[in-house]
Amino acid sequence: MDKALKSNRRDFLKIAATAGGGLLIGFNWSACDSPKMKVISNEEIYDKAINFNSFLSISPTNHVVIFSPNPELGQNIKTSFPMIVAEELDVDWSNVRVQQAFLDTEKYDRQVTGGSGAMPHSWQRLRQAGATARQMLMEAAAKRLNVPVSELKTDKGNVIYGSKKLNYGELANEAAALPVPEDVELKQVKDFKIIGTPVKNVDNDAMFTGKPLYGLDVYRDNMLHAMIQRPPFGMKLKSVDANEAKKIKGVKDVVTFKDNVAVIGEGTWPLMKARKLLKIAYEPLDKELESTAFHNSKFDEMLNSGAAEVKRKDGDVDAAFKNAARIIKSEYQCPFLSHSPMEPMNFFAHVKEDSVELIGPSQTPDKARNAAAEICGIAPEKVSMELTRLGGGFGRRLRADFVEEAVELSKMLKAPVKLTWSREDDITGGAYRPAVKYRFEAALNGKDELIGYKLSGVGMNSGNSTRENNFPAGAIENLEIRSMEYKSSITTNAWRAPITNFLAFAEQSFLDEVAEAMGKDPVDFRLELLDKAKTSPVGEIHYDIDRMKGVITTAVEKSGWGKKQGVSQGFSVYFSHRSYVAQVAEAKIVDGKAVLDKIYAVTDCGIVINPTGADQQVRGGMLDGMGHAMYTNLTFTDGVADQKNFDTYRLIRMKEIPEIETHFIDNGIDPTGLGEPALPPTGGAIANAIYKVSGQRLRNQPFSNEEGMKNLNLGNPA
Amino acid sequence: MANYKLQVNNKNYEVDVDSDTPLLWVLRDNLGLIGTKYSCGISQCGACTVHLNEEAVRSCVLPVSSIGEAKITTIEGLSDNGDHPVQQAWKEVDVAQCGYCQAGQIMTAAAMLKKNPSPSEEEVIDGMNANLCRCGTYHRIKEAVLLASTKIK
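Those protein sequence lines, which keep their order, are chains A and B.
Take the first sequence: its position 448, counted from the start at 1, is 448 in this note's numbering, and no numbers get skipped.
Take the second sequence: its position 21, counted from the start at 1, is 21 in this note's numbering, and no numbers get skipped.
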């Protein structure tokens, strides 16, 4: 954990709201220390730069402590957010120390990691935070030097007047006494010195030397360990015989709550052993116990029922299909998926008499805190929440279920409790990516022109299983998008790029099927549709046509689309979570088998804050999309997941990855997030390349289960 | 319960645990060496990799009773200042995303390079394939292992 900052009464705190609304900046400077010319430890810097109610504080040592409010789960926000503050503050990055902020809803207004939304939400706020502080430092320098502010400039943590240089640390006290300016000037994009340069992950040292950073690394005195046996989906607890389990040394108790059986003890291993000895009987709730065969028949029954809700309707679809010379119809299906971050779910909770201490990995700490407050019947302000680094999330930690469990147990046991989920708990425990099936239909007239388009989706607890305003909506005169969901007993949750993580594959594959039927090149077909959307838009258009064309044409250029000998290329382009990504996958036949060789990705996420982090997000998203499209399956028998650990729940490994080449569009537009947008297009690009090289059209995920895939040997599988 | 003497990172420890307790949980729950990570518990992901003498082993399935006199090295003891060539390479290549699997990746790579200081790309892939990274940092892991091998030479 980052060292908690001490408050210090010698020093003072200034908090001011800016005109932008909601942003608080605190300047906290030690009153009596002067700068020292020596190597200064982080602890010394933190000790002097007191308080953590804000985005930044400055130490008299001329170091800046920048607080990163949002949970860090690998999207690299703990590095990229402070880069933005440091840019506008105009400091030397080597003098920046980054601290993970605790949950503080008064100081920060969106401490959430999800939906690739943190960057667009915070971009202006972070710049404003840095620029406001810089302005106040300049004004303090102007006073001291008795010169106009307009004659000053800043560079690397110094205010400069001619040959005179005053560092921020020595100006800090005076600056803090000044009124907070309401309007401050932000830098021009062309003047950025930190943004756009590759800045390495601020936690590298800690991560690579084994320092405690993650929720599972939390250990406290007198802490009890807990693990929970949860009921199968659709069942409730009937009885439990814990006699044998309790005999395991190190096990202190076995308790039940809400159909759960919790084993409590002094270490993790005794609990793992004891769980196996529990004799638990469950009984079904009133619904049928669900198996994969049941889901498959539900999909067909519901798609055939025609009862799906209309989400978007343009033109006269019925007439178009009645007048069609040809109708192309395809169905696409995907299984449930577990998020399975490498760090399983866990949380530390200490319920005390009138307060609760929470520590752990959460993507929605505020939601978790409110849930804890409700369980304990106290005000949320009485619940403190320390955010640990998350060992992955992928949407799973948007839920607070594991926090609630830890709180329930701590409350019941009147002791600090660390709840640990095993890998099996994690994979079988629900909150899955919903299983979905789509039916696409395209109507072509006698001249092989696209005159009608229909998409109907059914998902298991999917909410809206479609994204009805996605491309090609807006480009087709007669279009109908419909959705319905089955209320399954198997729980679902947002999973990295919710819905689009599979929908994009299905849409981009079907567009290729239609292009082929029309005798068109897949890229030309998409560009023609975009031209149509531009010149004669149909209904509302929710994507930027020029930006989408921009990534397409750049991908064509970078990949040498259609010009390469000896490789088969598959195309895909998608707009999701405010960013645009086009991909070209290349497959070829080696020794009679298909090999996935390379994928090009061109991304438009506006300004790239940190090129090394951006490249990581794109690669990671693509390998996530590829691995789950190709290999990962989660099936059910009577409400229990058949795959329980990484031996059968198969994730992509190093031998299976293709080369990836990433490119970014440099357009100076305000940045959008990158945690998700590169994932959705990958499955489609791969499937379209596989089709070209093998003639095998893949419509169901995982591809490895498809007939005919056995001989393809894709991506050199182990 | 039984008493076991262990030598971890050149320090001597004594623990009183059941004989079947995996080394992983002794390190984490008993010795406070939390750099070694739990992820699968069945030797499928490599997050728990430590060195037994100079061999990379999966500590989640290694009973404490089987260790005997062997010397254990964890990520905390790989170098004094976090400057083992593999750790340096991991920083230079900026390998991590969430970072949770990386201690295990580093320990696997360090043991591999000890045996084979100049691996080919294929040998790196073979040596690292059993370590899962859910974030998909494989390209950079491969690059960092190759970079580390140039530092060892």
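Quick reminder that beta carbons are idealized off the backbone N, C-alpha and C, glycines included.
query                                                                                                                          : result
B/Lys5 burial status per 10 Å Cβ neighbour count (16 or more: buried)                                                          : exposed
Three or more C-beta pairs below 8 Å linking the region 427 to 443 of chain A and the region 257 to 267 of chain A             : no
Own chain residues within Cβ distance below 8 Å of A/Arg134, not counting five before or after                                 : Glu88, Leu89, Asp90, Thr154, Val184
Beta-carbon proximity list for B/Glu143, same chain, < 6 Å, skipping 5 on both sides                                           : Val93
At least 3 beta-carbon pairs within less than 8 Å: the region 687 to 699 of chain A vs the region 568 to 580 of chain A        : yes
Buried/exposed call for B/Leu23, threshold 16 Cβ in 10 Å                                                                       : buried
Minimum Cβ-Cβ distance from B/His139 to chain E less than 8 Å                                                                  : Note that chain E does not occur in the displayed structure, where the protein chains are A and B.
Chain B contact for A/Ala718 (CB, 8 Å cutoff)                                                                                  : Summary for A/Ala718: the model assigns pLDDT 35, below 50, so the residue's position carries little reliability, and this model does not support an answer.
Closer than 7 Å at the beta carbon, the chain B residues around A/Lys200                                                       : Lys91, Asp94
Nearest-angstrom Cα separation, counted from A/Thr682 out to A/Thr500                                                          : 11 Å
Outcome for A/Gln363 when other beta-carbon atoms lying within 10 angstroms are tallied against a minimum of 16                : buried
Close-in-space but distant-in-sequence residues of the same chain around B/Ala103 (CB under 7 Å, 5 per side omitted)           : Gly35, Thr36, Lys37, Ile75
Contact set between A/Met207 and chain B, taken where Cβ atoms lie within less than 7 Å                                        : Ala96, Gly99, Gln102
Best match in B/Asp20, B/Asn129, B/Glu122 for proximity to B/Ile106 [C-alpha to C-alpha]                                       : B/Asn129
Collapsed DSSP secondary structure at A/His729 in the structure displayed                                                      : This structure does not reach residue 729 of chain A, given that chain A is present from 1 up to 718, and the question cannot be answered.
C-alpha distance - A/Gly20 paired with A/Trp123, whole-angstrom precision                                                      : Reliability of the predicted coordinates at A/Gly20 is poor, the pLDDT of 25 falling under 50, and the value obtained from them is presented with this limitation in mind. The straight-line gap from Cα to Cα measures roughly 12 Å.
Proximal residues of chain B, C-beta to C-beta of A/Glu343 below 8 Å                                                           : Lys37, Ser39, Cys98, Tyr100
Listed by chain order, chain B residues near A/Trp421 by CB distance under 9 Å                                                 : Ordered by position in chain B, no residue passes the 9 Å Cβ test against A/Trp421, which lies about 10 Å from the chain.
Min CB distance B/Leu166 to chain A below 8 Å                                                                                  : The question about residue 166 of chain B has no answer, for chain B in this structure spans 1 to 153.
Proximal residues, the region 133 to 166 of chain A versus chain B, C-beta separation under 7 Å                                : none
Cross-chain neighbours of B/Thr74 in chain A, by beta carbon under 9 Å                                                         : Gly210
Minimum Cβ-Cβ distance from B/Cys135 to chain A less than 8 Å                                                                  : yes
Closest by C-alpha distance to A/Glu449, when choosing among A/Gly519, A/Ala585, A/Tyr649                                      : A/Gly519
Status (buried if at least 16 other CB within 10 Å, exposed otherwise) for A/Asp286                                            : exposed
Cutoff 8 Å: A/Phe646 Cβ touching any chain B Cβ                                                                                : yes
Contact with chain A by B/Gln87, beta-carbon distance below 8 Å                                                                : yes
Simplified DSSP state of A/Tyr438, which is helix, strand or coil                                                              : strand
Interface partners of B/Ile125 on chain A, CB under 8 Å                                                                        : Met654, Lys655
N-terminal and C-terminal residue of the beta strand (DSSP E) that A/Gln100 is part of                                         : 96 to 100
Beta carbon proximity, A/Arg726 to chain B, threshold 8 Å                                                                      : This structure cannot speak to residue 726 of chain A, because chain A is shown only from 1 to 718.
DSSP three-state assignment for B/Ser39, whether helix, strand or coil                                                         : coil
Span of the alpha helix (DSSP H), counted from its first residue to its last, around A/Phe571                                  : Per DSSP, A/Phe571 belongs to no alpha helix (DSSP H); it is in the beta strand (DSSP E), 568 to 576.
C-alpha gap between A/Ile481 and A/Arg312, whole angstroms                                                                     : 5 Å
Identified DSSP bridge partners for A/Ala594                                                                                   : A/Ile589
Cβ-Cβ separation, A/Pro416 to A/Met227 (assumed contact under 8 Å), whole Å                                                    : Actually they are not in contact, since the Cβ atoms of A/Met227 and A/Pro416 sit about 16 Å apart, beyond 8 Å.
Chain-order list of residues whose beta-carbon lies under 6 Å from that of A/Phe348 (same chain, five-residue window excluded) : Val218, Ile359, Gly360, Lys418
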